[in-house]
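Enquirer: Got a structure for you, questions after.
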Amino acid sequence: MDKTNATPAAKDIFFMNQALKLAERARGMTSPNPLVGAVIVKNGRVIAAEYHKRAGDLHAEALALLKAGAKARGSTLYVTLEPCCHIAKKTPPCCPAILKAGVKKVVVAMRDPNPKVSGRGLKTLQDQGVIVIEGVLEEKAGKQNEAYCKFIKTGRPFVTLKCAMTLDGKIATPERESKWITGEKSRMVVQKMRGASDAVMSAIGTVLADNPRLTCRIKSAHQPARIIIDPDLDTPLDFNITSTPPRTIFVTSAQADRKKDLFRERGIEFIEFNGEKVDFGWLMDRLGGMDIVSVMIEAGSSFSAAALMAGIVDKVVFFIAPKIIGGCGSVPVVGGKSFLKLPDAIRISDMTVKKVGEDLMVEGYVGSGV
Numbered sequence: 000m001d002k003t004n005a006t007p008a009a010k011d012i013f014f015m016n017q018a019l020k021l022a023e024r025a026r027g028m029t030s031p032n033p034l035v036g037a038v039i040v041k042n043g044r045v046i047a048a049e050y051h052k053r054a055g056d057l058h059a060e061a062l063a064l065l066k067a068g069a070k071a072r073g074s075t076l077y078v079t080l081e082p083c084c085h086i087a088k089k090t091p092p093c094c095p096a097i098l099k100a101g102v103k104k105v106v107v108a109m110r111d112p113n114p115k116v117s118g119r120g121l122k123t124l125q126d127q128g129v130i131v132i133e134g135v136l137e138e139k140a141g142k143q144n145e146a147y148c149k150f151i152k153t154g155r156p157f158v159t160l161k162c163a164m165t166l167d168g169k170i171a172t173p174e175r176e177s178k179w180i181t182g183e184k185s186r187m188v189v190q191k192m193r194g195a196s197d198a199v200m201s202a203i204g205t206v207l208a209d210n211p212r213l214t215c216r217i218k219s220a221h222q223p224a225r226i227i228i229d230p231d232l233d234t235p236l237d238f239n240i241t242s243t244p245p246r247t248i249f250v251t252s253a254q255a256d257r258k259k260d261l262f263r264e265r266g267i268e269f270i271e272f273n274g275e276k277v278d279f280g281w282l283m284d285r286l287g288g289m290d291i292v293s294v295m296i297e298a299g300s301s302f303s304a305a306a307l308m309a310g311i312v313d314k315v316v317f318f319i320a321p322k323i324i325g326g327c328g329s330v331p332v333v334g335g336k337s338f339l340k341l342p343d344a345i346r347i348s349d350m351t352v353k354k355v356g357e358d359l360m361v362e363g364y365v366g367s368g369v
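Going by numbering that gives the first Met the number 0, the first residue of the sequence shown is number 0, and it counts up by one from there.
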């Protein structure tokens, strides 16, 4: 599409949206790297467009420049994240390639929060006479890479709590019947969420109740690691979680020695903690040190409450089915032994609601967001 006659602001927004859509194609594949899309435009027309496909591969800008070849001279590069200028990584920095190609102008959605890059890439380009515009669709780009941004700033993964419940806030009947509360379309969205996450986290209660696989059932999709909080290692060896291929990590007490060797023979890893229960903040630091950038919690009432109370949840996604089951003995979506008084209740901000099949999908950020 020829955008020559568009105003500069509209033109920049149009092409940056294209770059953001390209970046989204690699959702779940680039960790611990960010999602990045690049579009090269000359005389109002796209001459090359690319995106970063997986960690260790060439960056979006480099791929787009290779595709454009000599045509890149005098062009405008639209990129969703500031081009890198440092060499402490597996792939070459993008700024020298941009300068060598003779790109005239670079439009950037957001700066890279990585202190090795932040602002330096843009300054490198400006110092060499390249026109630089930043902040085009910055908020949209920030949300696209919200997990990467938190990980870079804190060293901890971005945590999403996913729950499926009835309209009256229940996740199971008193007999623990829970399949299926929500509809097929909601369950497909959950599969996509798994494929977009580095890891899915659950607890021993859910494992014993449901014998889940916690895999992504979308063909050719990324398979998240499974993290199971099981202090006493009560998971039976013949359960699905111990025999399905993706990486599996059990979080157990250092004193729980029984069966560990048998689990290790199956390739299962362990994170061991001292004391009666795991410290969630400590666990997030450990997972961050393993380059796990995003975690999706799929667990029961008690574990959801514990994660929220521990302050590790960044985002909630609740699927609400148009069903009411009632009953004081039915299981609430967020349980636990303690509660918060109304003035101290956990607040959800920037909330969105959309319909997924017959269900509602409510999404928002804990507190003021990351």
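Every residue gets a Cβ at the ideal spot worked out from N, C-alpha and C, and that includes glycine.
Computed from a predicted model, the values in this text were never measured in an experiment.
What residue does the beta strand (DSSP E) around V199 start on, and which one ends it?
Expert: Run containing V199: 198-202, per the beta strand (DSSP E) assignment.
Enquirer: Please name the residue, chosen from G310, V332, P92, that lies closest to L166 on a Cα-to-Cα basis.
Expert: Cα-wise, what sits closest to L166 is V332.
Enquirer: Using a Cβ-Cβ cutoff of less than 7 Å, which residues in the same chain neighbour P245 once the five nearest sequence positions on both sides are dropped?
Expert: Cβ neighbours of P245 beyond the five flanking positions: T214, Q222, P223, A224, R225.
Enquirer: Helix, strand or coil: which one does DSSP assign to K314?
Expert: K314 falls in the strand class under three-state DSSP.
Enquirer: Spatial neighbours of A163 within its chain, please: C-beta separation below 6 Å, excluding the five flanking residues on both sides.
Expert: Around A163: I180, T181, F318.
Enquirer: Alpha carbon to alpha carbon, how far is D1 from R285?
Expert: Low confidence applies here, because D1 scores a pLDDT of 43, under 50, leaving its location unreliable and the question unanswered by this model.
Enquirer: Within 10 Å of its beta-carbon, does Q143 have 16 or more other beta-carbons around it, so buried, or fewer, so exposed?
Expert: Counting Cβ neighbours within 10 Å, Q143 comes out buried, since at least 16 surround it.
Enquirer: When DSSP labels each residue in this structure, what does A298 get in the three-state scheme?
Expert: Coil, per DSSP.
Enquirer: Which residues in the same chain have their Cβ closer than 6 Å to the Cβ of M360, if we skip the five residues on either side of it in sequence?
Expert: Excluding residues within five positions, the ones whose Cβ falls inside 6 Å are F318, K353.
Enquirer: State the CB to CB distance for the pair V158 and I39, rounded to an integer number of angstroms; the pair is presumed to be in contact (CB under 8 Å).
Expert: Not confirmed; about 36 Å, so no contact.
Enquirer: Given L62, which residues of its chain have a CB within under 6 Å of its CB, disregarding the five upstream and five downstream residues?
Expert: E49.
Enquirer: So, for K258: in the same chain, excluding its five sequence neighbours on each side, which residues have a beta-carbon less than 8 Å away from its beta-carbon?
Expert: Answer for K258: L232, L236, listed in chain order.
Enquirer: For the pair the stretch 114-125 and the stretch 94-101, tell me if three or more CB-CB distances fall below 8 Å.
Expert: The stretch 114-125 vs the stretch 94-101: in contact.
Enquirer: If I follow the unbroken beta strand (DSSP E) through L121, where does it start and stop?
Expert: Premise fails: L121 lies in the alpha helix (DSSP H), 119-126, not in any beta strand (DSSP E).
Enquirer: Check A402 in the structure and name its three-state DSSP category.
Expert: Because the chain here runs from 0 to 369, residue 402 falls outside it and cannot be looked at.
Enquirer: Compare the Cα-Cα distances from K52 to each of V316, M28, R72, K70 and report the closest residue.
Expert: If we check each option's Cα against that of K52, M28 comes out closest.
Enquirer: By the three-class DSSP mapping on this structure, what secondary structure does S74 have?
Expert: DSSP places S74 in coil when its eight states are reduced to three.
Enquirer: Could you check whether E297 and V206 sit closer than 7 Å to each other, using their CB atoms as the reference points?
Expert: No, the pair does not count as a contact, with Cβ atoms beyond the cut-off.
Enquirer: So the alpha helix (DSSP H) C84 belongs to, where does it begin and stop?
Expert: From DSSP, C84 is part of no alpha helix (DSSP H); its letter is neither H nor E.
Enquirer: Give the secondary structure of A63 by DSSP, where H, G and I count as helix, E and B as strand, and everything else as coil.
Expert: Helix, per DSSP.
Enquirer: Measure the alpha-carbon distance for A306 versus S300 and round it to whole angstroms.
Expert: So the two alpha carbons sit approximately 10 Å from each other.
Enquirer: Considering only residues of the same chain and omitting the five flanking positions on each side of A25, which have a CB-CB separation below 8 Å?
Expert: Answer for A25: L34, Y50, H51, K52, R53, listed in chain order.
Enquirer: May I ask you to report which of helix, strand or coil DSSP gives M15?
Expert: Correct three-state label for M15: helix.
Enquirer: Determine the direct distance from the alpha carbon of V102 to that of G128, and round the result to whole angstroms.
Expert: Rounded to whole angstroms, G128 to V102 spans 10 Å at the Cα level.
Enquirer: For the alpha helix (DSSP H) that L98 lies in, which residues bound it at each end?
Expert: Looking at the DSSP string, the run of the alpha helix (DSSP H) that includes L98 is 93-100.
Enquirer: Name the two residues that bound the continuous alpha helix (DSSP H) containing K184.
Expert: 183-195 is the extent of the alpha helix (DSSP H) around K184.
Enquirer: Check whether the stretch 183-203 and the stretch 322-340 touch, using three or more Cβ-Cβ pairs below 8 Å as the test.
Expert: Touching, no, given that fewer than three Cβ pairs across the two stretches are closer than 8 Å.
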